[in-house]
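A.B. asks: Got a structure for you, written out below as structure tokens; questions coming shortly.
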Amino acid sequence: MAMPQNSTRENGFCFTQPLSFSCPSPHPGEAGRPFAAMSGSDGCSTPLSNGLGSSGAPSPSDSCAQPLCTPTPAEEEEGIKYVSAEGEELACGWGDFTPGCLQLCNTSKGVLFFLCVASFLQGMTVNGFINTVITSIERRFDLRSYQSGLIASSYDIAACVCLTFVSYFGGNGHKPRWLGWGVLVMGLGSLLFALPHFTTGRYEARSTAQVGVCGGNQSLPCSQAASSLSGYRFVFMLGQFLHGMGATPLYTLGVTYLDENVKTNYSPVYIAVFYTAAILGPAAGYLVGGMFLNIYTEIGREIDIAPENTLWVGAWWIGFLGAGAASLLISIPILGYPQRLPGSQRYIVMRVSEAHQLKDGSHKKASDPDFGKTVKDLPGSVLLLLKNPTFIFLCLAGATEATLIAGMSTFGPKFLESQFSLSASEAATFFGYLVVPAGGGGTFLGGFLVNKFKLRCSGIIKLCLLCTVSSLLAICIFFIHCPNMPMAGVTQMYDGSALPGGHLNLTAACNAHCGCSQRTYSPVCGTDDIMYYSPCHAGCRRVSENLRSGKKVYHECSCVDKALLPGSGKAEAGKCTSSCAKKPLLLCFIFVVILFTFLSSIPALTATLRCVSDRQRSFALGIQWIVVRTLGGIPGPIAFGSMIDKSCLLWQDQCGEQGSCYVYQNSAMSRYTLVAGLVYKVLGTTFFIVACLLYKPPPPESAPGSSDASENGTSDLQEHKPSLPAEEDI
10 MAMPQNSTRE NGFCFTQPLS FSCPSPHPGE AGRPFAAMSG SDGCSTPLSN GLGSSGAPSP
70 SDSCAQPLCT PTPAEEEEGI KYVSAEGEEL ACGWGDFTPG CLQLCNTSKG VLFFLCVASF
130 LQGMTVNGFI NTVITSIERR FDLRSYQSGL IASSYDIAAC VCLTFVSYFG GNGHKPRWLG
190 WGVLVMGLGS LLFALPHFTT GRYEARSTAQ VGVCGGNQSL PCSQAASSLS GYRFVFMLGQ
250 FLHGMGATPL YTLGVTYLDE NVKTNYSPVY IAVFYTAAIL GPAAGYLVGG MFLNIYTEIG
310 REIDIAPENT LWVGAWWIGF LGAGAASLLI SIPILGYPQR LPGSQRYIVM RVSEAHQLKD
370 GSHKKASDPD FGKTVKDLPG SVLLLLKNPT FIFLCLAGAT EATLIAGMST FGPKFLESQF
430 SLSASEAATF FGYLVVPAGG GGTFLGGFLV NKFKLRCSGI IKLCLLCTVS SLLAICIFFI
490 HCPNMPMAGV TQMYDGSALP GGHLNLTAAC NAHCGCSQRT YSPVCGTDDI MYYSPCHAGC
550 RRVSENLRSG KKVYHECSCV DKALLPGSGK AEAGKCTSSC AKKPLLLCFI FVVILFTFLS
610 SIPALTATLR CVSDRQRSFA LGIQWIVVRT LGGIPGPIAF GSMIDKSCLL WQDQCGEQGS
670 CYVYQNSAMS RYTLVAGLVY KVLGTTFFIV ACLLYKPPPP ESAPGSSDAS ENGTSDLQEH
730 KPSLPAEEDI
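Using our numbering, the letters of the sequence shown correspond one by one to residues 10 to 739.
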């Protein structure tokens with residue numbers, strides 16, 4: 010069946026089924042007669058438009074008495090042309106290769122599946138594998154903490170550099186091609202990140218069972234510890250830069266492509282599923298990356314040190330190889346999708362504009378079909394967004410939330426490790442178990458609530474405000490904390506007395522003859538429930554292995570209180586187990602904070618899409634991501650890290666230079682975390698309040714096809730649509 014399409018191809022559309030609207034008829038006996046697209050009708054000279062054309066033709070809601078039909082010669086001269094609903098540009102494939110079997114995936118569900126896989130891989134690689142293996146990379150390539158910090162920041166730097174270009178030109182171009190090439194570049198970045206493993210020599214670890222015991226705690230001189238391997242940090246930085254470049258289209262063009270090809274009410278659900286996959290990715294990265302770190306980096310080579318040993322380097326590179334190969338494969342189907350999905354134009358007709366109305370009316374400029382196609386329109390596009398106060402304050406609110414999320418992601422495992430006396434791997438796994446249900450569930454629930462209650466822009470901002478206030482109240486749980494486990498020479502003297510003036514003193518009469526080095530930190534737990542810096546600092550002389558637990562057991566420990574438990578004087582590798590009674594309460598409220606923080610993410614994103622003009626959505630998301638990363642994602646971990654470092658009791662000594670922190674004071678850590686959380690949550694609450702107060706919705710009669718739009722986002726146009734199979738296209 011032939012349907013009309015505007016020759017500019019900006020406002021043209023085609024339907025796979027007839028479009029009908031039940032409307033009252035002015036003629037007696039024809040009440041409720043639907044107008045529809047019919048071939049062979051006569052007397053019709055008004056094509057259906059989406060309200061953006063310049064012909065002055067009324068929209069379906071206000072001219073429903075006239076039927077749609079074939080064009081008259083006059084219309085042909087005005088530039089109206091008719092194309093088949095099965096146009097080639099709507100077929101899924103690569104060039105002329107568009108087999109019929111691929112068209113089964115040419116739906117919104119098919120796009121959602123492939124984009125979810127891509128976002129899962131991105132989250133697993135960048136936010137999962139990187140955070141998991143960074144310690145192993147530091148050890149393998151002799152990197153300092155600030156150098157590994159530069160590696161992590163290269164991702165955000167690349168994103169900030171590319172966001173304006175990608176969101177502006179990609180938003181007006183072929184979005185699936187931008188997305189596909191982006192995922193492909195991301196895959197190349199993962200493969201490049203794993204490359205140093207294959208271009209360096211074998212990793213040689215000094216393996217002896219006696220390292221760390223009294224009299225055998227010798228370490229390499231500082232002059233021999235340095236090597237030329239630190240130069241590989243530039244390869245890692247380039248790999249992360251490619252990760253950032255490739256992921257840039259994913260969270261700007263990917264979101265708008267989903268939003269454009271589904272009903273407005275279902276858009277939050279689709280975006281929520283998309284972001285849920287991105288949140289589940291890091292959790293999988295923590296779990297899978299942790300498994301790979303239990304495999305020695307030189308696969309197939311036998312070695313007699315265990316993963317608990319500080320000299321151990323796991324197979325950090327396997328995950329990047331797998332993720333890189335998977336990204337290359339998933340980019341192929343994404344590149345085959347058309348610029349718009351079949352039937353998507355029906356949703357443009359039904360869409361109700363909720364863009365913020367500027368006093369000078371300059372927001373109408375964005376409705377021009379030719380606006381935003383050239384570089385000369387870039388300053389004007391930026392100016393329109395800067396003049397939109399709702400958009401600006403939503404960006405600022407997003408930056409505060411991003412700061413907290415970045416801080417929690419980076420230092421959440423460290424907080425659990427310190428408060429509950431866990432190992433690094435146990436804390437990472439524990440945190441993963443919190444993030445999956447709270448972060449993933451909150452993200453999906455946020456999109457579901459917007460769809461369930463059919464919230465419009467102002468209602469969505471109020472939902473974000475409610476979530477932020479709820480998490481603000483829950484974050485007050487950081488007033489409480491778990492006490493530090495006693496550690497000889499750090500939190501107390503070896504005889505149990507308080508440290509004079511709070512100064513550290515790791516040497517005592519019981520270990521003075523051992524010649525212990527502070528460069529080897531390997532905590533052990535004595536049978537007196539006191540932790541020691543290392544087996545040497547506990548005065549232990551022999552070592553054996555517990556066949557049941559697989560942990561090393563140290564004997565003849567002169568510093569362990571033998572009077573408390575006669576015949577003991579033993580210590581076991583690892584930290585002492587914490588018996589903090591406040592642990593369940595802390596975990597419960599941390600869960601609530603994560604839940605409500607992520608619960609507002611999709612509503613805030615939806616509000617951003619709604620408060621700007623349709624043609625500016627991709628560019629608006631790009632600008633928002635720049636603000637969020639510049640003010641939140643990049644400085645967030647630095648701000649949280651600086652505050653948490655103030656609570657450090659014991660620093661690493663790297664040949665006279667201060668390294669990372671070994672032991673934190675739990676009370677100070679909770680206090681600083683509380684201060685940071687309250688500051689950013691109060692700012693976020695303020696920004697959402699201002700955004701809600703300044704939002705000015707368009708008058709109901711100005712929305713195309715929705716003269717009687719109701720408060721919940723429905724309209725007469727949406728209520729009377731018997732021939733639109735909406736549920737079948739979701």
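Note that beta-carbon positions come from the ideal geometry of N, C-alpha and C, so glycine has one too.
1. Please look up how many angstroms separate the CB atoms of A287 and G132, rounded, as I've assumed it's under 8 Å.
2. Indicate whether M494 and M540 have their beta-carbon atoms separated by less than 7 Å.
3. With distances taken Cα to Cα, identify the nearest neighbour of F174 among C657, E311, K705, I635.
4. Pop quiz: I484 and L687 are said to be a contact at Cβ under 8 Å. What is the actual Cβ separation, rounded to whole angstroms?
5. Quick one: complete alpha helix (DSSP H) runs, 4+ long, within the segment 121-163?
6. Can you tell me whether DSSP reads D51 as helix, strand or coil?
7. Who are D657's beta bridge partners in DSSP?
8. How many Å lie between C114 and L197 at the Cα?
9. What first and last residue would you give for the alpha helix (DSSP H) that runs through Y7?
10. Expressed to the nearest angstrom, what Euclidean distance is found between the alpha-carbon atoms of L251 and A324?
11. L413 and F696: beta carbons closer than 7 Å?
12. Who are Y541's beta bridge partners in DSSP?
13. Bridge partners for M496 per DSSP, in chain order?
14. Between which two residues does the beta strand (DSSP E) holding S553 run?
15. Cβ atoms of C585 and L534: under 7 Å apart, would you say?
16. Using 10 angstroms around the beta-carbon of F207, count the other beta-carbons present and answer buried if the total reaches 16, otherwise exposed.
17. Give the range of the alpha helix (DSSP H) segment to which H252 is assigned.
18. If you draw a straight line from the alpha carbon of L262 to that of P185, how long is it in whole angstroms?
19. Name the two residues that bound the continuous alpha helix (DSSP H) containing A580.
20. In the DSSP assignment, the alpha helix (DSSP H) including Y266 goes from what residue to what residue?
21. Put Q625 into one of helix, strand or coil per three-state DSSP.
22. What residue range is occupied by the uninterrupted beta strand (DSSP E) comprising H564?
23. Does the structure place the segment 550-558 close enough to the segment 454-467 that three or more beta carbon pairs sit under 8 Å?
24. CB-CB under 6 Å to G722, same chain, minus the five flanking residues each way: which ones, in chain order?
25. Measure the CB-CB distance between A700 and T409 and report whether it falls below 7 Å.
26. Check whether the Cβ of W187 lies closer than 7 Å to any Cβ atom in chain D.
27. Say whether the segment 292-300 touches the segment 420-440, bearing in mind that this needs 3 or more beta-carbon pairs closer than 8 Å, one atom from each stretch.
28. Spatial neighbours of Y177 within its chain, please: C-beta separation below 8 Å, excluding the five flanking residues on both sides.
29. Could you tell me which of G450, A497, I341, F429 sits nearest to C491, measuring between CA atoms?
30. Taking the straight line between their C-alpha atoms, what separation do you get for F424 and L640?
31. Just how far apart, CA to CA, sit A161 and G421?
32. Quick check: what's the CA-CA separation for A168 versus M246?
C.D. replies: Taking the coordinates as given:
1. 5 Å
2. yes
3. Comparing Cα-Cα distances from F174 to each of C657, E311, K705, I635, the minimum goes to I635.
4. 7 Å
5. With a minimum length of 4 residues, the continuous alpha helix (DSSP H) runs that stay inside the segment 121-163 are 139-150.
6. In this prediction, D51 has a pLDDT of 42, which is less than 50 and means its spatial position is unreliable; what the coordinates show is noted afterwards. Coil, per DSSP.
7. Inspection of the sequence shows that residue 657 is occupied by Cys rather than by Asp. Per DSSP, Y673.
8. 26 Å
9. Outside the displayed range of the chain (10 to 739) lies residue 7, so it cannot be described from this structure.
10. 22 Å
11. No, Cβ-Cβ distance for L413 and F696 is not below 7 Å.
12. For Y541, which the question treats as bridged, DSSP gives the partners V533.
13. M540
14. 551-554
15. One point to set straight first is that residue 534 is Cys, not Leu, in the sequence displayed. The answer is yes: Cβ separation under 7 Å.
16. exposed
17. 242-256
18. 8 Å
19. Per DSSP, A580 belongs to no alpha helix (DSSP H); it is in the beta strand (DSSP E), 580-582.
20. 262-269
21. helix
22. First-last of the beta strand (DSSP E) with H564: 561-564.
23. no
24. With a pLDDT of 40 at G722, under the threshold of 50, the modelled position of that residue is not reliable, and no figure is offered here.
25. No, the pair does not count as a contact, with Cβ atoms beyond the cut-off.
26. Among the chains of the structure shown, chain D does not appear; only one protein chain is present.
27. yes
28. G381, L387, S390, S627, F628, G631
29. F429
30. Distance between the alpha carbons of F424 and L640 is about 23 Å.
31. 17 Å
32. 13 Å
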